Structure formats: C-alpha cells, structure tokens
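The sequence shown runs contiguously to residue 236 in my numbering.
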Amino acid sequence: MKILQLAKKDLNLNKIGILIFSGLIAVFFFWFASIYDPDLFADLEEFYQNFPDAIKSLIGGSLSIGDYTSFMNVYLFSFAWMWMGLYFVLKASQDIPTEIEEKTIEITLSKPMRRWEFVLGKFLKHFLVLLFIVGLVMLGVYLAPFVFPKINPIEVNYLILTIAFVLLIIHLLSLLMTGFVFSVFFNRKRALALSFGALIFFYAIGQFYGLFPEFMQGIKYLSM
C-alpha cells in the first residue's frame, strides 16, 4: 500500500535520529524512576497539604506522589508536555511545509500517488514514532520497580500505569494532529508559530485552570 510505503521510506531516512531520541527519553524516565523514595515523597505530599488553597490551585489543586504509581502519573505528563509534546509539534508542523519549500513533494507526487495518500503516509510515520517512543518509556517505567530497591513491585498498580500511558498516547496524538493540521494549510514558519502557540496555550490551561472561577474550571479538559 502506498501509504505504508511512504511511511516506511520516511522512517528509514530518519531512523538514526528517531532511535537516539527514543532511547534518550526512555533512559531518562528509567533514571527518573530511580529518584523515587516512598518516605521522602510521602512527607512531601503531607507537607503540601498545608499549603494555602491559592498555592495549591497553581498546580491543579492536588498533588499525589506518595506511591510510585501516582508519582509516575504526575511527572509522566509533566515531562510529556515538555519533551515529547514539543518534539511531535515541531516535527509534525515542519514535515509537509519543508517538502513543499524544498520541492521534494513534487518528486513524490510525480509517482502514481494521490495527495491524500501522501498526507496520510506522513501522518502514519509520526504516529508510529509516537507509539515506539511511548512503548520504550513504558518498558523503562515497568522495569524500574524490579531494578531499584526502594520501589516494591508488589505495590505498583500496573493497571493504573497502563491507563496513564493510554491517556498519554491520546494526549500526544492530539498535539501531533494539531501540528499536522497547521502544516497542511500553512507555510513552515506560520505552522511552527501556530503549533507552538497552541502547545503553550493548552499547557497554561492545564496548569492554571484552578485560578478560573469554578463554573469555568471544566476548561481543563481542553488541555487533554
């Protein structure tokens, strides 16, 4: 199928960079799990409960990091916004505009391939990279309790962690689609600016929705 062939071709051209970035992200989360100390973070969670409500609202109104599952849930999404989200927004928003500006798209479309097949092939490439990166991160997060002595594997709720990773895939997919849609309709610079602006906007909503009036706090679901 032409869509799969295009995705495979692009993956082969960028496989070194993809493997390096994926490996670094997976190693980072594996290392990050090593800093978890149940006693330290339980005390930190208890200390946080004494903060004024105005301060709590700045980080969403609650903080649960007393166990490994909650700890990874909180910081998984924080770092996903920062690194994985930024990576996919940048890559998706630049892909098609770059091919148009460098005129390599004309070579591809000169073959028996329709425009919608070209667009779907590009999207499929990014989605496969997304699944690969999340899969490596899952492997690191799941293995950490069996490697680091401060984490008891029996106390880890792997079902909740799995749900968190499913939500992470949905979250990253929404960012990927945002950047990709802008890339289809705008040039490289404008697509990048709009994609990055959307990333910051939704990040701000997710972090500071607690400062809005109560009837508006449902806006937090837009940042998913």
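For glycine and all other residues, C-beta sits at the position ideal for the given N, C-alpha and C.
The structure displayed is predicted, hence computed values, not measured ones.
- Item | Reduced DSSP category for Y48 - H, G, I as helix; E, B as strand; rest coil | Judged by DSSP in its simplified three-state form, Y48 adopts coil rather than helix or strand.
- Task: Count the other C-beta atoms from every protein chain shown that fall within 10 angstroms of the C-beta of F158, then say buried if there are 16 or more, exposed otherwise.
- Result: exposed
- Task: Return the CA-CA distance between V86 and F177, expressed in angstroms with no decimal places.
- Result: Here the C-alpha atom of V86 lies approximately 12 Å from the C-alpha atom of F177.
- Task: Kindly indicate the opening and closing residues of the alpha helix (DSSP H) around A176.
- Result: Y170 to F197
- Task: Would you give the residue range spanned by the alpha helix (DSSP H) that A92 belongs to?
- Result: Where A92 is concerned, there is no enclosing alpha helix (DSSP H), given that its DSSP letter is neither H nor E.
- alpha helix (DSSP H) containing N24: first to last residue? K14 to L25
- Query: Within this structure, are the beta carbons of A156 and F33 separated by less than 8 Å?
  - Reply: no
- Leaving aside the five residues before and after V149 along the sequence, list all residues of the same chain whose C-beta is less than 7 Å from its C-beta, in chain order. The beta carbon of V149 is closer than 7 Å to those of I37, A38 and F41 in its chain, skipping five residues each way along the sequence.
- Quick one: using the 10 Å Cβ neighbour count with 16 as the cut-off for buried, is F194 buried or exposed? Flag for F194 reads buried.
- Quick one: grab the DSSP three-state call for F160. coil
- Residues near F144 by beta carbon distance below 8 Å, same chain, minus five either side: I30 and S34
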